[in-house]
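Position one of the sequence shown corresponds to residue 273 (the working numbering), numbered consecutively onward. Please read the structure below before turning to the comments.
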Amino acid sequence: MAGRAANQLALPLDWTDDDQGFLVGVSNEAAVRHLEHHATWPVRASVLTGPEGSGRTMLARLFARATGAEVIDQVEGRPDEELFHAWNRAHEARRPLLFVADTPPALWPVVLPDLRSRLMAVPVATIGEPDDGLALALIERLFAQRATPIAPDLAGYLVTRIERSYAAIHKSVNLLDQAALAARKRVGVRLARETLGDAGELGSGKGS
Numbered sequence: 273m274a275g276r277a278a279n280q281l282a283l284p285l286d287w288t289d290d291d292q293g294f295l296v297g298v299s300n301e302a303a304v305r306h307l308e309h310h311a312t313w314p315v316r317a318s319v320l321t322g323p324e325g326s327g328r329t330m331l332a333r334l335f336a337r338a339t340g341a342e343v344i345d346q347v348e349g350r351p352d353e354e355l356f357h358a359w360n361r362a363h364e365a366r367r368p369l370l371f372v373a374d375t376p377p378a379l380w381p382v383v384l385p386d387l388r389s390r391l392m393a394v395p396v397a398t399i400g401e402p403d404d405g406l407a408l409a410l411i412e413r414l415f416a417q418r419a420t421p422i423a424p425d426l427a428g429y430l431v432t433r434i435e436r437s438y439a440a441i442h443k444s445v446n447l448l449d450q451a452a453l454a455a456r457k458r459v460g461v462r463l464a465r466e467t468l469g470d471a472g473e474l475g476s477g478k479g480s
């Protein structure tokens with residue numbers, strides 16, 4: 273299987289979380305390093321974007337815990353005045369401000385000219401869809417969080433056959449967790465093939 277194994281977040285800031293830490297892989301490590309080096313940002317603020325389910329809110333929360341940063345999640349649709357006041361607070365207090373959003377600032381419905389001009393100078397850190405190693409680690413973690421036993425080869429099987437996205441991973445794990453509860457057994461390849469195949473979530477796989 274291609275891809276590098278995911279690791280838990282381990283930075284000089286000593287970010288930790290009650291939920292076993294933040295998983296770092298090829299697809300999100302640039303975003304993590306950008307937050308780690310917040311002192312080099314050209315302005316006090318940055319934007320963190322990524323798909324739903326990518327852990328962006330957890331990463332923002334860990335960043336705030338470690339640095340005292342203010343975090344504004346789900347930015348799109350918030351009043352311009354709220355974002356503008358947050359910007360001013362960050363610069364007056366000399367602390368980081370992190371906006372968490374689905375899209376970069378150029379696509380936000382901002383009307384205030386002063387706010388828009390400031391946002392255009394804000395760097396954007398983007399979390400991509402999971403690489404092989406991160407997908408594998410995320411599948412194992414989601415089952416562990418549910419205390420659902422799985423066969424040793426299940427995660428590898430799923431990585432090569434389900435859509436490579438956070439949404440597909442979360443959906444597949446939920447479906448298999450429900451199937452395991454109904455069948456009162458651990459999740460193995462056979463149960464995954466039947467359950468996800470019936471739901472239309474299973475591809476042919478690499479080399480199959």
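All C-beta atoms, glycine included, are put in the ideal place defined by N, C-alpha and C. Just so it is clear, the structure is predicted and the values come from calculations on it, not from any experiment.
| Check | Outcome |
| --- | --- |
| Is it buried or exposed for Ala416, if we count other Cβ within 10 angstroms and need 16 for buried? | exposed |
| Rounded to the nearest angstrom, what separates Pro424 and Ile411 at their Cα positions? | 12 Å |
| What does DSSP give as the partner residues of Leu369 in its beta bridges? | Ala317, Glu342 |
| Verify whether the separation of the beta carbon atoms of Arg328 and Ile399 is less than 7 Å. | yes |
| Going straight from the alpha carbon of Ser444 to that of Val372, what length do you get? | 26 Å |
| DSSP on Val298, reduced to helix/strand/coil? | coil |
| So within the segment 367-436, which uninterrupted beta strand (DSSP E) runs reach at least 3 residues, ignoring any that extend past its ends? | 369-373, 396-398 |
| Which residue from Val347, Leu355, Ala427 puts its Cα closest to that of Pro385? | Leu355 |
| Looking only at its own chain, which residues have a Cβ that is under 7 Å from the Cβ of Thr420, when we skip the five neighbours before and after it? | Asp449, Ala452, Val459 |
| When the Cα of Gly293 is compared with those of Ala311, Leu320, Arg333, Pro314, which residue comes out closest? | Arg333 |
| Could you tell me the alpha carbon to alpha carbon distance between Thr321 and Val394, rounded to whole angstroms? | 12 Å |
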